[in-house]
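Asker:
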Amino acid sequence: MLAGKLMYSLMIIIVIINTVNGNCPDDEPPPPPSPIPEVPYVISGKFYSPSNTSVNDAPVCAMARDCKEWYYDLGATYDGIYTVKPDDGEPFQVYCESGWTVFQRRQDGSVDFYRGWIDYENGFGDLNGEFWLGLSKIHRLTKEGTHRLDIYLTYNS
């Protein structure tokens, strides 16, 4: 029990050090268009289980799984583009709005949404404007756990 609490405390300290030193991806929205930041491999430590039989040699940086985690666990306070890593795949950028992940925005007709399957699978548009996040990313965000969907429609006649 004490070893587990010590391990947790050590990992929190390493996350804070990495974040303060700028070694982790920024939680500030990058200026568009920007590449997806790589998850850095900066501080790596060998942590042994109480029986000293297994080793975990992974970097420790703050990386949210989704917008809800950015807002409620990591303290993000504004809407914008954030990098998420919902699973073992590559991280990607999403637009977060008050802890919600926006997967589609249509506002002025600047992006043609009449497209083929591949575009809908991969996503298209600009996260700062009109876009479709992509079915593969939506699947990665929602494949585990229970989720809530809110739809906001505005009619502009």
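Per mature numbering (1 follows the signal peptide of the UniProt record, and there is no 0): the sequence shown = residues -22 to -1, 1 to 135.
Each residue gets a CB set at the ideal place from its N, CA and C atoms; glycine is no exception.
Since we're looking at a predicted model, the values are computed, not measured.
Can you tell me where the beta strand (DSSP E) with I59 in it begins and where it stops?
Answerer: On the sequence shown, residue 59 is found 81 positions in, with the first residue counted as 1. G58 to V62 is the span of the beta strand (DSSP E), which, as asked, contains I59.
Asker: Can you grab the Cα-Cα spacing for the pair C45 / N134, in whole Å?
Answerer: For this step, residue 45 is matched to residue 67 along the sequence shown. For this step, residue 134 is matched to residue 156 along the sequence shown. C45 and N134: Cα-Cα distance of roughly 28 Å.
Asker: In its own chain, which residues sit with a C-beta less than 8 Å from the C-beta of V74, not counting the 5 before and 5 after it?
Answerer: As a first step, residue 74 must be located in the sequence shown, where it is residue number 96. Strictly speaking, residue 74 in this sequence is Cys, with Val absent from that position. The answer, listed in chain order, is C45, W48, Y49, A54, D57, G58, I59, Y60 and V80.
Asker: Report the start-end ranges of each alpha helix (DSSP H) in the segment 55 to 105 that is 4 residues or longer and not cut off at the edges.
Answerer: Runs of the alpha helix (DSSP H) inside the segment 55 to 105: 95 to 100.
Asker: With DSSP as the reference, identify every bridge partner of W48, one or two as the case may be.
Answerer: Here residue 48 corresponds to residue number 70 of the sequence shown, with the count starting at 1. DSSP output for W48 lists no bridge partner at all.
Asker: By the DSSP assignment, the alpha helix (DSSP H) with R43 in it spans what residues?
Answerer: On the sequence shown, position 65 is the one that residue 43 refers to. Counting along the chain, R43 falls outside any alpha helix (DSSP H), and DSSP gives it neither H nor E.
Asker: Quick check on the burial criterion: 16 or more other C-beta atoms within 10 angstroms. Buried or exposed for L119?
Answerer: Position 141 of the sequence shown, counted from the start, is the residue given in the question as residue 119. So L119 counts as buried.
Asker: CA-CA distance, G87 and D97?
Answerer: Looking up residue 87 in the sequence shown gives position 109. Looking up residue 97 in the sequence shown gives position 119. Cα-Cα distance, rounded: 17 Å.
Asker: Compare the C-beta of D65 with all C-beta atoms of chain B and state if any pair is closer than 8 Å.
Answerer: Of the chains in the structure shown, none is chain B; there is only one protein chain.
Asker: Rounding to the nearest angstrom, what Cα-Cα distance links W110 and T124 in this structure?
Answerer: Numbered from its first residue, the sequence shown carries residue 110 at position 132. Numbered from its first residue, the sequence shown carries residue 124 at position 146. Straight-line Cα distance between these residues: approximately 22 Å.
Asker: Could you pull the start and end residues of the alpha helix (DSSP H) that H117 belongs to?
Answerer: For the purposes of this step, residue 117 is taken as residue 139 along the sequence shown, with counting starting at 1. From DSSP, the alpha helix (DSSP H) with H117 extends over L113 to T120.
Asker: On a Cα-Cα basis, can you pick out the residue from S114, Q82, L127 and L131 that is closest to D104?
Answerer: The count along the sequence shown starts at 1 and reaches residue 104 at position 126. With distances taken between Cα atoms, D104 lies closest to Q82.
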